[in-house]
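Here's the structure, in structure tokens; my notes come after.
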Amino acid sequence: MFASVLALAFGYLLGSIPFGLLLTRLAGTADLRGIGSGNIGATNVLRTGRKDLAAATLLLDALKGTVAVLIAARYGQEYAILAGLGAFLGHLYPVWLKFKGGKGVATFLGCLFAMHWPTGLVFVAAWLSVAFLTRYSSAAALVASLASPVALLLFGLRNEAELFVALAVLLWFRHGENIMRLMDGTEGKIGQKGSPKA
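The sequence shown begins at 0 in numbering that gives the first Met the number 0 and counts up by one.
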């Protein structure tokens, strides 16, 4: 029980590092929480006009999940699953920012690649396909998150699939406003200037 709690806590603390906020502060840009959506993820970092910072945020937010899972996996797959859950929860609800974090897409993908890289490629393929067809980043993320546990089941990874069902539910919950905008046709498209909050 102690080891399980430790794995969950380790993942949470790693996942709660707000790289988007830290990078923009170090670069001397405006407070990330006061522009656009106020989100700490890469999409909002892009609104500062710094593509390099947005790319770095995307990578580091993904690596939070990857590192948490890979380290915990050395002690058993059950600990890897708990660490992945912790990292995702940490990104969504970081204690340092009054539990107001990002939407979890990059961290979801980082955990997924660490758990089973072929399914990570399924996520990327699904995201690219939907993004190409619709030009909606949020829709692409939502569809890809659903494809991931299905792919894991097809690969015979039941426990991992159950984890990513839970993560997908949380990801959809965090995208509630995006879903509403998709339904009423006001969601901003990829490359669209002056798009709504993401």
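Cβ coordinates follow ideal geometry from the N, Cα and C atoms, glycine included.
Query, Result
"Cβ separation of alanine 41 and aspartate 60, assumed to be a contact under 8 Å, to the nearest whole Å", "7 Å"
"Coarse secondary structure for glycine 193, derived from DSSP in three states", "Because glycine 193 carries a pLDDT of 47, less than 50, the predicted location of this residue cannot be relied on, and the following value inherits that uncertainty. Coil."
"Glycine 64 beta carbon less than 8 Å from that of phenylalanine 98", "no"
"Spatially closest choice to leucine 57 from Ala67, Val44, Val66, by CA coordinates", "Val44"
"Alpha carbon of aspartate 30 to alpha carbon of alanine 125, nearest angstrom", "33 Å"
"Enclosing alpha helix (DSSP H) for glutamate 198 [first to last residue]", "Only positions 0 to 197 of the chain appear in the structure, and residue 198 is not among them; the question remains open."
"Rounded Cβ spacing between alanine 113 and valine 68 (contact assumed at less than 8 Å)", "4 Å"
"Lysine 50 versus Gly175, Val4, Thr28, residue with shortest Cα-Cα distance", "Thr28"
"Exposed unless 16 or more other CB atoms sit within 10 angstroms - verdict on isoleucine 189", "exposed"
"Three-state secondary structure (DSSP) of asparagine 177", "helix"
"Min CB distance alanine 41 to chain B below 8 Å", "No chain B is part of this structure, which consists of one protein chain only."
"C-beta atoms of glycine 85 and phenylalanine 18 nearer than 8 Å", "no"
"Cα-Cα separation, alanine 160 to valine 149", "7 Å"
"Whether asparagine 38 touches lysine 102 by CB criterion (8 Å)", "yes"
"Burial state of phenylalanine 1 (16 or more Cβ within 10 Å)", "exposed"
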